[in-house]
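**Student:**
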Amino acid sequence: MKKKRVAILISGRGSNMMALVEAAVAPDFPAEIALVLSNRPDAAGLDWAASRGIRTASIDHKTYGKDREAFERAMQGVLEDNSIDLVCLAGFMRVLTPWFVAQWQGRMLNIHPALLPSYRGLHTHERALEDGVKIHGCTVHFVVPEMDAGPIILQAAVPVEDSDDADALAARVLTQEHRIYPQALALVAADKLRIEGNRVLMRA
Ligand code: GAR
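Throughout, our numbering is defined as the position within the sequence shown, counted from one, plus 29.
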């Protein structure tokens, strides 16, 4: 099967992007990382990706002011120029419009540092600790217009330890993010999944 061409969208350090790139090195991985795109020209992950021979691009959202769709149309142009099949959001900290999400329906994944539908939004680890939950974790899901929602592909649970602060908990969750994001991408790229309502099921 022809490998799917993947663009990874980042805003910062890009550790999930790195995990995806490392996984995609395997000859039998069903996707290749064709592009790393950032909305911040200074994103640390860009240099790393370039050093691995991956095409990079940055489109500074600030140039577009409040016009989100103009920013997204610029991104869409770059994605189309690179014949991208699948988009992985990896710490991409921009809210996306319904227009952009519709372009990638069923073809755009996100990783979120919580067990959705709990703790959508920011500061998930702090909020989990404040609530005293004993199980936290991370989620890979298909992107829908509503933020941090959408059919769940994979989740990993992380026990909360008595000694945890937000940083310690975040670090253990991040390790699991790096494990499940490549797995989820492989399942999608190999066309092993089907979506039924909110549920993502294995194809028979
Ligand atoms: C990750 O923990 C990711 O789950 C989170 O940002 C971090 C990015 O780190 N994403 C979100 O909070 C999106 N709602 P990374 O740049 O090292 O991958």
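Ideal placement from N, C-alpha and C gives every residue a C-beta, glycine not left out.
Keep in mind that this is a model prediction, so the values were computed, not measured.
#1: Please go through the same chain and pick out, in chain order, the residues whose beta-carbon is closer than 6 Å to the beta-carbon of Val202, but skip the five residues on each side of it.
#2: In angstroms, rounded to a whole number, what distance separates the CA positions of Leu230 and Ala200?
#3: Can you name the residues that DSSP bridges to Glu225?
#4: Please report how far the alpha carbon of Val50 lies from the alpha carbon of Lys91, in whole angstroms.
#5: My assumption, with CB atoms under 8 Å, is that Ile62 sits in contact with Ile83. Please give the rounded CB distance.
#6: With a threshold of 6 Å on Cβ separation, who are the neighbours of Ala78 within its own chain once the five nearest residues in sequence on each side are excluded?
#7: Should Met30 go down as buried or exposed, given a rule of 16 or more other Cβ atoms within 10 Å for buried?
#8: Which ranges does the beta strand (DSSP E) cover as unbroken runs of at least 3 residues, wholly within the region 50-74, from first to last along the chain?
#9: Using DSSP with H/G/I as helix, E/B as strand and the rest coil, what is Pro142?
#10: Could you tell me whether any non-hydrogen atom of the ligand GAR is closer than 7 Å to the CB of Arg42?
#11: Judging by CA-CA distance, which residue of Ile181, Leu198, Ala99, Gly74 is the nearest neighbour of Leu222?
#12: Just to confirm my understanding: we take Ser67, look at its own chain, exclude 5 residues before and 5 after, and list those with CB closer than 6 Å. What are they?
#13: What I want to know is whether the C-beta of Ala53 ends up closer than 7 Å to one or more non-hydrogen atoms of the ligand GAR.
**Tutor:** Reading off the structure:
#1: Pro142, Cys167, Val187
#2: 29 Å
#3: Arg228
#4: 27 Å
#5: 6 Å
#6: Val65, Thr85
#7: exposed
#8: 60-67
#9: coil
#10: yes
#11: Ile181
#12: Ile39, Leu75, Ser87
#13: no
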